[in-house]
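Just add 209 to wherever you are in the sequence shown, counting from 1, and you've got my numbering. We treat Cβ as the ideally placed atom computed from N, Cα and C, and that holds for glycine. Beneath this line is the structure, given in structure tokens, with notes to follow.
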Amino acid sequence: MSENSQNERPGSVESRFSERTHSCINLRQLLKGESIIADIQDSVLLLKNTEDNTCQFLVLDKLNQTPLYLELIAKLRQSGHRPEVIWVNNEEMAQVAWKFDAGQENEQPEDEASLQGKVKDLLARAVAVGASDMHLYVSDHYFRVWFRVDGIRRPFHEFDDSASNGRRLIQSMFNTMCAGQSTNTLSYTQSADARFREEFVTEFGLSTARVATRPGGDNRILVAIRPISKRKESLALDSLGMTPQQIASVRRAARKITGIIVANGPTGHGKSTLLQCLAEMVLREDPGIHLITVEDPVESPIFGAIQTPLMEEWPEAIRNLLRLDPDTIYYGEARDAESVYGVIEAAQTGHEVLTTTHTTWAIDVLQRWKRFGVDESYLTDPTLITCLVGIRLTPLLCPDCKQPYSGHRDSVEPEIAEIIARYTRPEGVFSRNPAGCPACKFTGFRGRTGVFEVIETDRKFMSLYQREGKFAAWQYWKQKGNTSLAENLISLINDGLVDPVTGHTKVCNLNRDETFNEPD
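Here it is in structure tokens:
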């Protein structure tokens, strides 16, 4: 490119560049060993087009033909870089620099290896404290990190930093450490999903970590990371907290030749782990079973299963699976009309199907799937939908520092205290110690367990659901002597394992069954 063409000013400079199409190159890193004069560093910006790898060098008009500019451009050429030079005014430079968070005073941008090291430090800390999720947030002025440990979201101030450093760290993580990104590069204008590449997480005992981003406007962004453990041994249902009665119900459903078993509950409450456990139970009880999974993406290993990623649309995935002669099909999540219809089609062709879906209560699966347009004759067929397994995770009290509830009930809100007194045996109940102890890292909680409601369907249950609604069907199921989610939780509270206030406000209202039994 000639000097004359370089000096031409293109129209709408700011609109040519965004974080989706370009990345900002650190001049200090590029020209190692060369001193970059502060005067000129604030007046230039080197960008790289991520699509064609060309470089654009934005330079303030005031530097035109100055010795400083000529010296810098000569050094760039000596290093093998011949960028397109674009002359801009102060306003144009500020607009573009703002997009890439460039020109921060007194901050030394780090190289990718250093940034990746910091991300790995975050992962290592999260795994060490048993975090189920990590939340990274960049505001206008700061970068903050929270971990969710035992279901409780806690700040980790050791990772606090400036907004600009936080953006660099997140951008490096998303652009260089992840695969399967839904956008080409980290975007501050649209949400995105990705997952960590295995080489960055395997040393922490993880198979991957899910990443989700959400822009907050004005260069703010929230990132949620969920580490996925690489399990080394098979899990049993009782290890998750399921009672013998509930395990028996699940086993009866699993022994049926066809039908759908649905693990359900809110986000982050162990549905995927439960489904993996159900799959491994099926495989243990009949090692000859040909169980194929369709996951988006494949995460934790399921011992004995053939695990495959979702590589096409759900209808084509189902058609392909049926040609692979499966006995049992594992669908990672029935999240929309297309995947729900795929689950039903697989069951109708004579296969056992295991899947998950997001609902508040187990019985709400039928209602949610109806909203996807599924015919009610399918939803109320007990040979098609055989078992609904609801799960919630509750934090467990630290056994070393928990306190008798009787000594602290006066500090509990009166309405909640009345409910606890009505539904539990307060003399055997324990509360969380807010100060904690070294054993629980001063949180008062140590570990989590599952709380379950297992609805094994039959003709009368489905008939009542169709004619009188979900509460009538649930009441019939309960009258058969089954354990509800609330009863399961109350048992854990009475055993001194779960804080009653946390259980009531965070897991399941202790009086939920009363509302389900109210007359119309």
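Thr666, buried or exposed, once every other Cβ within 10 Å from all chains shown has been counted against 16: Flag for Thr666 reads buried.
If we ignore side chains and look at the alpha-carbon of each, how far apart do Lys257 and Asp359 end up? Looking at the two C-alpha atoms, the distance is approximately 43 angstroms.
To which residues of the same chain is Phe680 closer than 7 angstroms at the C-beta, ignoring the five residues directly before and after it? Beyond the five residues adjoining it in sequence on each side, Phe680 comes within less than 7 angstroms, by CB distance, of Phe725 in the same chain, given in chain order.
Considering only residues of the region 406-492, which uninterrupted beta strand (DSSP E) runs meet the minimum length of 3 residues and lie entirely inside it, listed in chain order? Along the length of the region 406-492, whole beta strand (DSSP E) runs at least 3 residues long occupy 415-426, 429-438, 468-474, reported in chain order.
Residue range of the alpha helix (DSSP H) that includes Glu321: Start and end: 321-338.
Reduced DSSP secondary structure (H/G/I, E/B, other) of Asp370: Strand, per DSSP.
Taking the beta strand (DSSP E) that Asn258 falls in, what are its first and last residues? That run of the beta strand (DSSP E) goes 253-258.
Residue range of the beta strand (DSSP E) that Trp355 falls in? Annotation: the continuous beta strand (DSSP E) that includes Trp355 extends over 351-358.
Cys208 bridges to which residues according to DSSP? Because the chain in this structure spans residues 210 to 729, residue 208 falls outside the shown range and cannot be described.
Restricting to Cα atoms, I'd like to know which of Phe383, Val297, Glu301 is closest to Glu321. Ranking Phe383, Val297, Glu301 by CA distance to the CA of Glu321 puts Phe383 first.
Express the C-alpha separation of Leu269 and Arg286 in angstroms, rounding to a whole number. One C-alpha to the other measures close to 19 angstroms.
With distances taken Cα to Cα, identify the nearest neighbour of Lys715 among Lys669, Pro647, Ile625, Arg631. When each option's Cα is compared against that of Lys715, the closest is Ile625.
Going by DSSP in three states, Trp683 sits in which element: helix, strand or coil? DSSP places Trp683 in helix when its eight states are reduced to three.
Buried or exposed: Tyr540, going by 16 or more other Cβ atoms within 10 Å of its Cβ? Result: buried.
If you compare alpha carbons, which of Leu606, Arg464, Asn718 is closest to Asp704? The residue with the shortest Cα to Cα distance from Asp704 is Leu606.
Lys604: first and last residue of the uninterrupted beta strand (DSSP E) it sits in: Strictly speaking, residue 604 in this sequence is Pro, with Lys absent from that position. Its beta strand (DSSP E) spans residues 594-606.
Do the CB positions of Thr230 and Thr394 come within less than 9 angstroms of each other? Cβ atoms of Thr230 and Thr394: closer than 9 angstroms.
Exposed or buried, which one is Leu533 when buried takes at least 16 other CB atoms within 10 Å? It counts as exposed.
DSSP three-state label for Cys646, please. In the displayed model, Cys646 falls within coil according to three-state DSSP, outside both helix and strand.
Is DSSP giving Gln688 helix, strand or coil here? Reduced to three states, the DSSP call for Gln688 is helix.
Own chain partners of Met451 with C-beta closer than 6 angstroms, once the 5 adjacent residues on each side are dropped: Hits under 6 angstroms: Phe661.
Could you tell me the alpha carbon to alpha carbon distance between Ile527 and Arg291, rounded to whole angstroms? If you take the alpha carbons of Ile527 and Arg291, they lie about 52 angstroms apart.
Which term fits Arg464, buried or exposed, when burial requires 16 or more other beta carbons within 10 angstroms of its beta carbon? With fewer than 16 Cβ atoms within 10 Å of its Cβ, Arg464 is classed as exposed.
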